[in-house]
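This report refers to the structure that appears directly beneath it.
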Amino acid sequence: MVMIERVVTGPLVPGNDMTDDSAMKYVPTIGLEVHVQLRTASKMFCACSTEFGAEPNTHVCPVCLGYPGAMPVMNGRAIELTVRTGLMIGSEISGFSKFDRKSYFYPDMPKNYQISQYDKPLCLGGEVEADDEGRLVRVRIHRIHLEEDVAKNMHFQSASGIDFNRAGTPLMEIVTEPDMHSAADAYAFLQALKQIVAYAGVSDCNLEEGNIRCDVNVSVCPESQSELGTKAEIKNMNTFKGVYSAVGYEIERQIAVLEGGGRVVQETRRWDPDREVTSSMRTKEDEHDYRYFPEPDLMPVVLDPLQVNSWKESLPEAPRARRERMVDAYGIPDYDAGVLAAERSVADFFEAAAKASNNPKAVSNWIMTEMLRLLSEANVSIEAIPVTPKALAGLVALVDAGRINSNTAKDVFAELFEQGGDPEVIVKEKGLLQVSDTDAIEAFADQAISENPQSVDDYRGGKKAALQFLVGQVMRLSRGKANPQMVAKLLAEKM
Amino acid sequence: MAVAIENLTVTDALEKLNAGIFTSVELTQAVIDAIREKDPDLCAYLSVDTDQALARAAEADQERASGGQGRLLGVPLAVKDVLNVKGQPCTCASRLLRGYTSPYDATAIARLRAEGAVFLGRTNMDEFAMGSTTENSAFKQTRNPAALDYVPGGSSGGSAAAVAGGEALAALGTDTGGSIRQPASFCGCVGLKPTYGRISRYGLTAFASSLDQIGSMTRSVRDAALLLEVMSGHDRMDSTSVDVSVPAYSEKLRDDLQGVRLGLPKEYFIEGMDPAVEQAVRAAVARCRDLGAEVVDVSLPHTDYAIATYYIIATAEASANLARFDGVRYGTRAEGATDPIDMYGKTRAAGFGDEVKRRIILGTYVLSSGYYDAYYLSAQKMRTLIRADFEKAFEECDALLTPVAPTPAYRIGEKATDPLQMYLGDVFTVTANLAGICGISVPCGATSDGLPVGLQILGPAFGEESILGVGHAFEQSLHGDD
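Protein chains in written order, with our numbering: chain A, 1 to 495; chain B, 1 to 482.
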């Protein structure tokens, strides 16, 4: 458990003495409700597409618009994806589960009730292990349930509109136990959860498109107190960075309230990402009475244990387990393994390339530096580029054999990244093989010496840096193909 | 030729259409003429889609000429204004849905359409099917064809009055707590409420989702069987529709009751029942015995709790089902609102009638935090006991014979100010909805004032063949007396 000193920022409690050694310590407690949009072709209860970014109100039908007489029909794929998530994190899968109506009035709710799950969710329990710069963060999962998303309100100058394209999209809600105690814990948990969900193929995890949104419960209590403090809920955050900042702010705000002799009010707050503050939305007295009752239009979900078992058997390795295995199997550092295992497709690529190579560490270096940089610059996924794991392994072999130098290798990699192909062939066709032929290099060295008498004098006069300049000249003359170590040796001998 | 439709059944009409005695256009026109003549008095219809119906009828005539085989080819039907028919209004007799045009066909409608049915008009009802007299319609007061000062029953009062009053050969209704059987009894036609899950509810504007069921008002049990076999069967769009095979009901009707055991639940013959009703029902029981049935006494011990149970579950579900009527996407939106919540309040205050508001408030209350266990949960437990009562009774008999309602039709306005009194009139019908079983109301006589009385035949879940068989044998024996 992390203890937070009375951290006070200026505007909150002006004039507080930050050096007071007798300061009371506070324990923050954080729980999350994470909504993950599932990767299904159609909506939760109708056949409309879940495509993002379409013209408003083009993916709608009587069901997702809540027209009179329309009825929901369960999307079996959404059930499967939710159960797969539960299986990934060790939840108990409910043999009997059901849907309920959650009633409240809001313009983005077509039926003015949301079909959700109240007391019989699909998954119960489970645990996520996260990593905060080498520190293990363990978060128990309370439950996972399935529900439908609402529409999107849009506000114009003199009117408001509603886009129902998103209404009825399947959302999986993952509720944690209050096991986190800092903004860093919450951030690490969200990263780990995102990795797991992406590994399982459950969601596209596209934060820009609002695929993952969360509500955050924060409370603080004095270290000496055993029961939790009064919590505030911060609603609908859609970036992990936002969660980090909001949790940090809220912890400090609540501590300042207690320090000032006040009481934390149980309420719902909103996060303002521009001003980086939370502000009150409504207090407990204004909370909705959701009047949950079983959805009479749907049958309960009774899962066949054989089916659940077959899903379990087809699960991918979890990202954390994979990271540990890759350290053992390929002898790469834990840090490298963490970066590579963060995304399933990257880890797949690494493992395929590492298996085809004698030098997994070099393969890892290529992926972690050049490849991830180029992917991020081009904003594409590793599956979308033409370079193959075998080609990367081949490139590493060419460098290791001294047949090309590292600068050339970067050019070849760039070529592979754009066009694909076999590095051996590219190198041969473009005549990029490193020149290790002494006669050829000697000719370039002689030319460089005769063209740069000043540098030669400098070198002879003790300026060792002049050698590097002359090496550069030889490399230029050889159009980058000369073996630089050999060039330096030859030049030194000649001078 | 002028077609006489006063007593024409769907089965007769199909025979005559097939024999070329009249065309669908002639038949449809005859129904339109009857509506023009009678509806100013009966007020059974909310709207009539004349041009579309005649166009469909002409198409049906062409199809028949080129060998079309639709089981209802060219037959005009009336539809309760709660069922969605693409391109037609579906107001649910509510101001809130005035001007609403349905964008899709209910599954039951689509199945009838596929067999060639013509959808002629929309019948009046209690607003959102809440009521027992059709007095809760926002638009007009349907009258009982047997006595114009009397209610036709409800909530499918328009459908019953149209069929019994010579303005439709057959009509669709819906039954949540007796809304088909009771008006059929009050007006003197056959009203069938099938088993829950027999006919898809997709496209039925929901009142109480776990109780609602689509059914028919017809002039014969055979017609009820025919419409049932067309509309029944599993539907992907309604998860609560059941995948049970659909027998050819109209071919399995019987003319006697040899070997049939019929139960008389003692809780359905109670003090305070109208003597004329009791007499007519007892005579019907005797007639069934004469037809060969063995009649046994049975008990449904939890009947006393049925009304309370029903009004908790039905209103709870209604409070959520009717939440969508907010003026945002369709329907009549109130003017002058300052924000969305204010708009909901104004729209719903102006759009809903008193009975609908009463039930939404009741339903909201019974689901509220702190009251859920005492009301909704207790009601669900009681529902299980009521269902078990029926399961036990059906171990001893094939079907039950009961009155449909404790009284015949009463005068318009007589109970309008006393909702509780009106709720108590549903005592014999709500149980079938709570138990999810099937029931039919078949005319069995009349009071001395000429008000019709119906016999209710209740059967086990998916026991339609059994109640249609009993109903048909009984009905045929009455015709034999004519």
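Positions of the beta carbon are idealized from the N, C-alpha and C atoms, including for glycine.
What would DSSP say about residue i, mapped onto helix, strand or coil?
| i | result |
| --- | --- |
| ASP297 of chain B | strand |
| ASP21 of chain A | With a pLDDT of only 49 at ASP21 of chain A, under the threshold of 50, the placement of this residue in the model should not be trusted; the figure read from the coordinates follows. Correct three-state label for ASP21 of chain A: coil. |
| SER279 of chain A | strand |
| LEU204 of chain B | strand |
| SER137 of chain B | coil |
| CYS288 of chain B | helix |
| MET343 of chain B | helix |
| THR176 of chain B | coil |
| TYR292 of chain A | coil |
| ALA305 of chain A | Checking the sequence shown, residue 305 of chain A turns out to be Pro, not Ala. If DSSP states are grouped into helix, strand and coil, PRO305 of chain A belongs with the helices. |
| ASP238 of chain B | strand |
| ALA446 of chain B | strand |
| ALA93 of chain B | coil |
| TYR45 of chain B | strand |
| LYS43 of chain A | coil |
| GLN266 of chain A | coil |
| MET299 of chain A | coil |
| ARG222 of chain B | helix |
| PRO484 of chain A | helix |
| LYS154 of chain A | Per the sequence shown, residue 154 of chain A should be read as Met rather than Lys. If DSSP states are grouped into helix, strand and coil, MET154 of chain A belongs with the strands. |
| ASP274 of chain B | coil |
Under 7 Å Cβ to Cβ from residue i, same chain only, skipping five residues before and after it: list those, please.
| i | result |
| --- | --- |
| ASP20 of chain A | Summary for ASP20 of chain A: the model assigns pLDDT 49, below 50, so the residue's position carries little reliability; its value from the coordinates is reported in the next sentence. If we look at ASP20 of chain A and ignore the five residues flanking it on each side, it has no Cβ neighbours. |
| ALA184 of chain B | ALA160, VAL190, GLY191, MET217, SER441, GLY454 |
| SER279 of chain A | ARG269, ARG270, ASP272 |
Taking C-beta pairs closer than 9 Å, name the residues in chain B that residue i reaches, listed in chain order.
| i | result |
| --- | --- |
| VAL111 of chain A | First, the amino acid is wrong: residue 111 of chain A is Lys here, not Val. ALA320, ASN321, ALA323, ARG324, listed in chain order. |
Residues of chain B with CB closer than 7 Å to the CB of residue i, please, in chain order.
| i | result |
| --- | --- |
| TYR118 of chain A | Result: empty, since nearest Cβ-Cβ is about 11 Å, beyond 7 Å. |
| PHE293 of chain A | ALA316, LEU367, TYR376 |
| PRO62 of chain A | PRO103, TYR104 |
| ARG541 of chain A | Because chain A in this structure spans residues 1 to 495, residue 541 of chain A falls outside the shown range and cannot be described. |
Got a sec, what are the start and stop residues for the alpha helix (DSSP H) residue i sits in?
| i | result |
| --- | --- |
| THR483 of chain B | Since the first residue shown for chain B is 1 and the last is 482, residue 483 of chain B is missing from the structure and cannot be characterised. |
| THR364 of chain B | 354-366 |
| ASN407 of chain A | 406-419 |
| TYR459 of chain A | 453-460 |
| CYS187 of chain B | 181-187 |
| GLN52 of chain B | 50-65 |
| LEU477 of chain A | 465-477 |
| ALA162 of chain B | 157-164 |
Using a Cβ-Cβ cutoff of less than 8 Å, which residues in the same chain neighbour residue i once the five nearest sequence positions on both sides are dropped?
| i | result |
| --- | --- |
| LEU491 of chain A | ALA445, ALA448, ILE449, LEU467, LEU470, VAL471, VAL474 |
| GLU167 of chain B | VAL31, ALA34, ILE35, LYS38, ASP39, LEU42, ALA44, TYR45, ALA78, ALA161 |
Which residue comes first and which comes last in the beta strand (DSSP E) that contains residue i?
| i | result |
| --- | --- |
| ASP373 of chain B | Looking at the DSSP string, ASP373 of chain B is not in any beta strand (DSSP E), and its letter there is neither H nor E. |
| THR123 of chain B | 118-123 |
| THR487 of chain B | The first residue shown for chain B is 1 and the last is 482, placing residue 487 of chain B beyond what the model contains. |
| GLY263 of chain B | 261-265 |
| ILE144 of chain A | 135-148 |
| ASN511 of chain A | The requested residue 511 of chain A does not occur in the structure, where chain A is confined to residues 1 to 495. |
| TYR196 of chain B | Careful: TYR196 of chain B lies outside any beta strand (DSSP E) and carries neither H nor E. |
So, at 6 Å on beta carbons, what are the nonlocal neighbours of residue i in its own chain, with the 5 sequence-adjacent residues on each side left out?
| i | result |
| --- | --- |
| ILE174 of chain A | VAL34, ILE144 |
| GLU493 of chain A | none |
| ALA329 of chain A | none |
What residues from chain A crowd round residue i, counting only those whose CB sits closer than 7 Å?
| i | result |
| --- | --- |
| SER209 of chain B | PRO296, ASP297 |
| THR341 of chain B | First, the residue type needs correcting, since residue 341 of chain B is Ile and not Thr in the sequence shown. Correct list: PHE105. |
| TYR344 of chain B | PHE105 |
Residue i versus chain A: which residues are under 8 Å apart at the beta carbon?
| i | result |
| --- | --- |
| GLY203 of chain B | GLY69, ALA70 |
| MET237 of chain B | MET71, VAL73 |
| ASN124 of chain B | By Cβ distance, chain A contributes nothing, its closest Cβ being about 17 Å from ASN124 of chain B, past 8 Å. |
Anything in chain B within Cβ reach of residue i, meaning under 8 Å, just list it in chain order.
| i | result |
| --- | --- |
| LEU65 of chain A | ARG329 |
| ASP289 of chain A | SER368, SER369 |
Can you pull the chain A neighbours of residue i, defined as C-beta to C-beta under 9 Å?
| i | result |
| --- | --- |
| THR240 of chain B | MET71, PRO296, ASP297, LEU298, MET299 |
| ASN84 of chain B | PRO62, TYR67, PRO68, GLY69, ALA70 |
Report task. Taking only runs that begin and end inside the stretch 156-212 of chain A, name each unbroken alpha helix (DSSP H) of 4 or more residues, in chain order. Result -> 183-199
Report task. Could you pull out every unbroken beta strand (DSSP E) segment of at least 3 residues lying fully inside the stretch 64-133 of chain A, listed in chain order? Result -> 100-103, 113-116, 127-132
Query - 4-residue-minimum alpha helix (DSSP H) runs that sit fully inside the stretch 313-389 of chain A, ordered along the chain - result: 319-330, 334-341, 344-355, 360-366, 372-378
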